[in-house]
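Undergrad:
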Amino acid sequence: MPEMVNSKIKTPDEFSEHLMFDPLPRGVMNDMVMESMQTTSWKFWVVAGFLGIIVLVCLFGAWGYLINEGMGVAGVNRPAYWGIFLVNTVFWIGISHAGTFVSALLRVFKAEFRRPFTRAAELMTTFGLVQAGLSIFMHMGRVWLFYFLAPYPNARGLWPNFHSPLSWDFLAINTYLLASTMYLFLPLIPDLAMARDRSKGWRKILYRTLALGFRGTEGEWTHLRTAMNIFAFAILPVMFSVHTIVSWDFAAAMRPGWSSTIFGPYFVVGALQSGIAAVAMVLVVVRATMKNMKYFIRPEVFDSMGKLMLIISMSWAYFFFNDYLVQWYNGDKFTDILLHFHESGPLGWMWFMMLIFNVVIPWALLWNKKIRRNPTILFTIGLLINVAMYIERYVIVPISLTINRMPFTWRMYKPGVEVWLSLGTLAFFILLYMLASRIVPLVPVWEVQEGQMAHSLRKVGKATVPAVSELE
Amino acid sequence: MDNTSENKVEHKWGMVIDQDICTGCQACVVACAMENNISFVGEEDAGYGRGMQWIRVERFWEGEYPEVKSTPFQPVLCQQCGKAPCEPVCPVFASVHSEGQQINMQIYNRCVGTRYCANNCPYQVREFNWRDYERPTPLENQLNPNVTVRRKGIMEKCNFCVQRIISGEDLAKSEGRIPEDGEIVTACMQACPTDAIVFGRLDDPESSVSKLAKNGRGVKLLEDLGTEPVVTYLKGGSSYARNG
Amino acid sequence: MEEMKTLLALFEDIDPAADAVEKLRNMGLSDDQINIVSGIPVTEPMLGRPHQWTNVPRLALGGALAGFLIGLFLAIVTPLSYPIYVGGQPLIPVPPSIVVVFEMTMLGMLISTFLGVFLDSQFPSYKPKEYVPEISDGKIAVFFSCPQEKEKSIISALKFIGAKSVEPAEAQQL
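Chains as they are written, first to last, in the working numbering: chain A, 1 to 472; chain B, 473 to 716; chain C, 717 to 890.
1. Residues in its own chain within less than 8 angstroms of T11(A) by CB, not counting five upstream and five downstream?
2. Locate the alpha helix (DSSP H) running through A776(C), then write down its first and last residues.
3. Comparing alpha-carbon positions, which option in E883(C), L835(C), I808(C), M720(C) lies nearest F214(A)?
4. DSSP beta-bridge partners for V460(A)?
5. With DSSP run on the structure shown, which of helix, strand or coil describes G690(B)?
6. Throw me the rounded Cβ distance for the I312(A) and V269(A) pair, which I believe falls under 8 angstroms.
7. Note down, in chain order, all residues in the segment 621-642 of chain B with a beta-carbon under 9 angstroms from any beta-carbon belonging to chain A.
8. In angstroms with no decimal places, state the Cα-to-Cα distance between P757(C) and V397(A).
9. Taking DSSP's pairing of strands, which residues face W485(B) in a bridge?
10. Going by other Cβ atoms of all chains shown within 10 Å of its Cβ, with 16 needed for buried, is R774(C) buried or exposed?
11. In angstroms with no decimal places, state the Cα-to-Cα distance between L19(A) and V108(A).
12. Taking a contact to mean a Cβ-Cβ separation below 7 angstroms, would you say A74(A) touches G348(A) in this structure?
13. According to the Cβ coordinates, are Q498(B) and V529(B) closer than 7 angstroms?
14. Taking Cβ-Cβ distances shorter than 8 angstroms, what residues in chain C pair up with V568(B)?
15. If you draw a straight line from the C-alpha of N631(B) to the C-alpha of H342(A), how long is it?
16. By the three-class DSSP mapping on this structure, what secondary structure does F109(A) have?
17. Could you pull the DSSP bridge partners for P547(B) from this structure?
18. To the nearest angstrom, how far is the alpha carbon of C862(C) from that of L781(C)?
19. Could you give the distance in angstroms between the alpha-carbon of K294(A) and the alpha-carbon of R372(A)?
20. Could you give the residue range of the alpha helix (DSSP H) that holds K204(A)?
21. Using C-beta distances below 8 angstroms, list every residue in its chain close to S304(A), excluding the 5 sequence neighbours before and after it, in chain order.
22. Within the 7 angstroms Cβ cut-off, does L145(A) reach chain C?
23. Mind checking if I230(A) is an interface residue toward chain C, Cβ cutoff 7 angstroms exclusive?
24. Against chain B, with Cβ distances strictly below 7 angstroms, would S164(A) count as a contact?
25. In angstroms, rounded to a whole number, what distance separates the CA positions of T821(C) and Y207(A)?
26. Going along chain A, which residues have a C-beta under 8 angstroms from E759(C)?
27. DSSP on Y413(A), reduced to helix/strand/coil?
28. Does the Cβ of E418(A) have 16 or more other Cβ atoms within 10 Å, making it buried, or fewer, making it exposed?
29. Which term fits H569(B), buried or exposed, when burial requires 16 or more other beta carbons within 10 angstroms of its beta carbon?
30. Got a sec: which bits of the segment 510-528 of chain B sit with their beta carbon under 7 angstroms from any beta carbon on chain A, in order along the chain?
31. Under 7 angstroms, do V619(B) and N509(B) count as touching if we go by C-beta distance?
32. State the beta-bridge partners of S567(B) as determined by DSSP.
33. What ranges does the alpha helix (DSSP H) occupy inside the segment 309-392 of chain A, keeping only unbroken runs of at least 4 residues that lie completely in it?
34. Would you identify the three-state DSSP class for I439(A), choosing helix, strand or coil?
35. Please report how far the alpha carbon of A736(C) lies from the alpha carbon of I877(C), in whole angstroms.
36. Counting only Cβ pairs nearer than 9 angstroms, list the residues of chain A close to R587(B).
Now the structure itself:
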């Protein structure tokens with residue numbers, strides 16, 4: 001009888017390319033994570049030192065210069081009172097949404113491929129929010145009075161103005177920062193306990209303190225998992241609300257091109273677009289530079305990230321077109337002029353670059369599995385997407401501010417010291433991440449083991465299919 | 473400023489600017505700068521859009537000399553909107569509405585410099601102190617002692633010479649009367665050689681500003697935005713045979 | 717008076733651990749004399765253990781309520797106490813108040829959930845505790861306290877089920 005061979009039927013061996021079907025004993029995985037955290041080559045310190053210098057000069061040095069001289073050394077003017085500082089703020093908050101997306105949204109939807117990299121993504125959230133906060137402080141004319149924005153009883157008889165989207169920003173970003181740091185810490189506790197059990201010296205003291213005496217009793221696990229479930233569900237509305245509120249900084253203003261009702265979801269999707277691309281970039285680098293990460297971060301991760309990047313790119317295009325079509329159609333004189341200025345003004349090439357990198361390239365390439373699974377190509381696509389998203393915010397803030405309803409005031413924005421400060425925040429982000437990779441176990445091993453326990457292979461007819469049990 | 477309920481002075485101050493007789497001489501700009509201690513930013517910063525004039529004279533033109541077609545001169549200053557878009561967006565209440573004078577106030581020592589108010593002003597009449605600008609000797613002698621000198625990082629704008637309004641009302645109250653029409657003048661009104669700028673109480677139907685505001689030529693800037701500006705512009709040019 | 721000894725039995729897998737729990741119950745130990753410590757969360761039904769109560773959801777709800785009230789305070793009480801009119805908007809505008817109340821509610825819920833874990837688990841606690849480092853390597857430890865005379869029979873029964881070791885539990889500095 002002729003044998004029917006179907007190349008799509010996987011043999012049990014072929015499943016082992018997936019992390020969930022290639023289990024190692026927990027002790028071995030613990031070893032791998034500890035090793036990757038503690039093995040540091042001299043090249044690491046060279047890069048870290050270089051970044052440290054950039055942070056000192058371009059971030060703290062230039063910021064001191066800015067505070068001393070005043071906003072005049074930046075590029076902001078009339079009518080572009082906001083410039084790269086706000087672009088950076090929105091950009092970094094966008095990046096920070098990636099972490100929450102991976103560790104909360106993917107957890108809620110039980111997407112098992114998230115398990116090895118939830119912590120790597122969550123670290124991006126915390127450090128991205130630090131950069132966003134710095135950028136907000138940078139743009140303030142009198143930053144030493146920042147506490148005026150905080151709601152607390154005081155002798156001035158004044159509370160902040162809650163009519164203002166900036167006050168909502170203050171509450172929302174602080175909520176998100178606290179929430180995502182807590183959400184980073186909770187699943188980290190069992191891994192800190194593991195690190196405590198396996199270290200000596202200063203590390204042991206550090207991990208013992210941070211692990212809070214965690215052992216893994218039934219009570220501790222129950223409290224922890226209940227809390228993690230509450231966080232996963234509750235941090236999602238916070239995540240959506242944060243970037244929506246940031247978008248309302250623009251949408252609540254009555255500038256042509258800004259007062260668009262679609263800014264809320266448009267910005268959230270834009271955040272996911274740049275965030276997921278950034279996660280892909282970080283994972284490529286982590287996998288290439290840290291020991292043992294090739295076991296945890298496999299081409300299947302890049303495959304899934306690539307698919308996500310494609311879908312989100314399509315959503316971004318949908319929201320962009322929604323915003324564009326309605327403005328193009330409705331004929332308000334100044335909005336018309338603004339749209340023309342975007343496309344055919346002096347910076348029209350940026351607008352086109354944004355569309356090509358955000359839409360054309362992902363749609364042309366990410367449908368292909370081989371391309372998605374190739375870390376170098378995925379890194380490049382992710383980088384181009386992030387460049388495009390930075391341009392998008394640049395188009396929305398300084399370029400759109402150039403055109404307003406008083407043509408006498410139209411003037412181009414030319415960045416000044418903001419360029420150095422942006423470089424400084426990028427270097428700071430990378431530096432913080434690199435230092436964290438030496439102290440924080442980057443892979444949540446207990447979650448990986450939990451996942452591996454839940455995955456099994458089943459025979460359905462002649463096919464071997466993966467099965468995931470609900471162990472929770 | 474006395475804003476308690478017992479002493480609330482409920483006057484609505486407004487302005488009319490006649491574009492037909494404005495010559496574009498910019499005396500109003502200079503007088504305002506002198507009265508309100510406005511900084512001189514220098515040529516480079518002014519060219520980059522950082523001039524700090526609280527009132528600016530706008531005009532547009534096309535063509536080459538001698539066939540130049542131009543619009544009438546338009547002095548633009550803070551419109552002291554009834555529904556000011558700059559007010560709700562300031563996170564620290566530095567831009568608030570004065571209930572006594574019905575104008576928009578800028579509280580210098582509260583401002584933290586987020587510049588949201590300036591972005592949201594459709595008339596773009598708010599100025600920001602981009603630096604601490606120098607006042608080389610002997611220019612500091614011309615500072616008006618009734619007006620705060622602002623430092624870097626603070627937003628400022630025309631406030632209808634509120635220091636003159638307050639001192640005029642205080643003087644009148646001390647004499648047991650209300651200020652007469654024309655007694656309290658802003659610096660720009662005082663300096664204008666053609667009396668194109670008229671300032672007064674809009675809540676007094678007999679004042680010249682109220683009567684002029686009802687003129688058929690009167691328009692408000694960007695009125696359809698619903699900001700309720702209190703400055704009325706009397707249209708000039710075209711049908712009045714200046715430049716055709 | 718019986719002397720109670722605390723012992724620790726280490727298991728590699730869930731099945732022998734579940735059998736062990738059942739065996740211990742058959743030998744007369746009550747549920748609160750048995751404790752499970754593991755390197756991954758093993759739910760109570762898997763081991764045949766009684767449901768573990770946690771206060772975290774209630775604390776989360778309480779925190780959400782506290783946050784809600786703080787949000788209402790910020791949005792309603794502060795403008796009433798220090799009224800400042802801006803932009804022709806009412807003193808207490810509804811849409812911004814919704815934003816403020818929402819954010820404070822979420823903040824209250826999340827902070828109290830986080831602190832609830834600390835409270836319920838009595839974190840941080842650095843006293844010496846019964847523990848072995850193998851637990852974080854994925855083993856399942858069954859702690860139990862049994863009367864002195866049953867000790868030997870329990871140990872042999874557990875070894876028969878498949879315990880990797882059954883030792884007296886010592887409280888040590890983690």
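Built from N, CA and C at the ideal position, the CB exists for glycine as well. The structure displayed is predicted, hence computed values, not measured ones.
TA: Based on what the coordinates show:
1. Here residue 11(A) corresponds to residue number 11 of the first sequence, with the count starting at 1. Counting only Cβ-Cβ distances below 8 angstroms, and skipping sequence neighbours, we find T464.
2. Residue numbering aside, residue 776(C) sits at position 60 when the third sequence is read from its first letter. Per DSSP, A776(C) belongs to the alpha helix (DSSP H) from 772-788.
3. The residue labelled residue 214(A) in the question sits at position 214 within the first sequence. When each option's Cα is compared against that of F214(A), the closest is L835(C).
4. The residue labelled residue 460(A) in the question sits at position 460 within the first sequence. For V460(A), which the question treats as bridged, DSSP gives the partners A463(A).
5. Residue 690(B) sits at position 218 when you count from the first residue of the second sequence. If DSSP states are grouped into helix, strand and coil, G690(B) belongs with the strands.
6. Residue mapping note: residue 312(A) aligns to position 312 of the first sequence, counting from 1. Residue mapping note: residue 269(A) aligns to position 269 of the first sequence, counting from 1. With a Cβ gap of about 7 angstroms, I312(A) and V269(A) count as contacting.
7. R623, K624, G625, I626, M627
8. For this step, residue 757(C) is matched to residue 41 along the third sequence. For this step, residue 397(A) is matched to residue 397 along the first sequence. Taking the straight line from one Cα to the other gives about 48 angstroms.
9. Position 13 of the second sequence, counting from 1, holds the residue named residue 485(B). DSSP output for W485(B) lists R673(B) as bridge partner(s).
10. For this step, residue 774(C) is matched to residue 58 along the third sequence. Exposed, by the Cβ-count rule.
11. Stepping through the first sequence from its first residue, residue 19(A) is reached at position 19. Stepping through the first sequence from its first residue, residue 108(A) is reached at position 108. Between the alpha carbons of L19(A) and V108(A) lies a gap of roughly 20 angstroms.
12. If you number the first sequence from 1, residue 74(A) lands on position 74. If you number the first sequence from 1, residue 348(A) lands on position 348. Judged by beta-carbon spacing, G348(A) lies beyond the 7 angstroms limit of A74(A), meaning their Cβ atoms are not closer than that value.
13. Counting from one through the second sequence, the residue named residue 498(B) turns up at place 26. Counting from one through the second sequence, the residue named residue 529(B) turns up at place 57. Cβ distance < 7 angstroms, so Q498(B) and V529(B) count as in contact.
14. Mapped onto the second sequence, residue 568(B) falls at position 96. By Cβ distance, chain C contributes I800, Y801, V802.
15. Residue 631(B) sits at position 159 when you count from the first residue of the second sequence. Residue 342(A) sits at position 342 when you count from the first residue of the first sequence. One C-alpha to the other measures close to 35 angstroms.
16. By 1-based counting over the first sequence, the position of residue 109(A) is 109. In this structure, F109(A) counts as coil in the three-state DSSP scheme.
17. In the second sequence, residue 547(B) corresponds to position 75, counting from 1. V529(B), per the DSSP bridge assignment.
18. Reading the third sequence from its first residue, position 146 is the one you call residue 862(C). Reading the third sequence from its first residue, position 65 is the one you call residue 781(C). Straight-line Cα distance between these residues: approximately 44 angstroms.
19. Indexing the first sequence from 1 puts residue 294(A) at position 294. Indexing the first sequence from 1 puts residue 372(A) at position 372. Between K294(A) and R372(A), the C-alpha separation is close to 16 angstroms.
20. To locate residue 204(A), count along the first sequence from 1; it is residue 204. Segment 201-211, the alpha helix (DSSP H) holding K204(A).
21. Here residue 304(A) refers to the residue found at position 304 of the first sequence. Answer for S304(A): A111, F113, listed in chain order.
22. Taking the first sequence and counting its residues from 1, the one referred to as residue 145(A) is at position 145. Closer than 7 angstroms: no.
23. If you number the first sequence from 1, residue 230(A) lands on position 230. Yes - at least one Cβ of chain C is within 7 angstroms of the one on I230(A).
24. Mapped onto the first sequence, residue 164(A) falls at position 164. It does: the Cβ of S164(A) has a partner Cβ on chain B nearer than 7 angstroms.
25. Numbered from 1 along the third sequence, position 105 holds the residue referred to as residue 821(C). Numbered from 1 along the first sequence, position 207 holds the residue referred to as residue 207(A). Rounded to the nearest angstrom, the two C-alpha atoms are 32 angstroms apart.
26. Translated into positions along the third sequence, residue 759(C) becomes position 43. According to the sequence displayed, residue 759(C) carries Thr and not Glu. Result: L471, E472.
27. Here residue 413(A) corresponds to residue number 413 of the first sequence, with the count starting at 1. It is coil, neither helix nor strand.
28. As a first step, residue 418(A) is located in the first sequence; it is residue number 418 there, counting from the start. Label assigned to E418(A): buried.
29. On the second sequence, residue 569(B) is found 97 positions in, with the first residue counted as 1. H569(B) sits buried, since 16 or more C-beta atoms from the chains shown fall within 10 Å of its C-beta.
30. D517, Y520, G521, R522
31. Stepping through the second sequence from its first residue, residue 619(B) is reached at position 147. Stepping through the second sequence from its first residue, residue 509(B) is reached at position 37. Yes, the Cβ-Cβ distance between V619(B) and N509(B) is below 7 angstroms.
32. For the purposes of this step, residue 567(B) is identified with residue 95 of the second sequence, where counting begins at 1. The partner list for S567(B) (beta bridge, DSSP) reads Q578(B).
33. 333-344, 348-355, 361-365, 369-373
34. As a working mapping, residue 439(A) is identified with position 439 in the first sequence. Three-state result, I439(A): helix.
35. Along the third sequence, read from residue 1 onward, the residue named residue 736(C) stands at position 20. Along the third sequence, read from residue 1 onward, the residue named residue 877(C) stands at position 161. Cα to Cα, the separation comes out at about 7 angstroms.
36. Within the second sequence, the letter at position 115 stands for residue 587(B). Neighbours of R587(B) on chain A, chain order: M71, V76, Y81, W82, H139, M140, G141.
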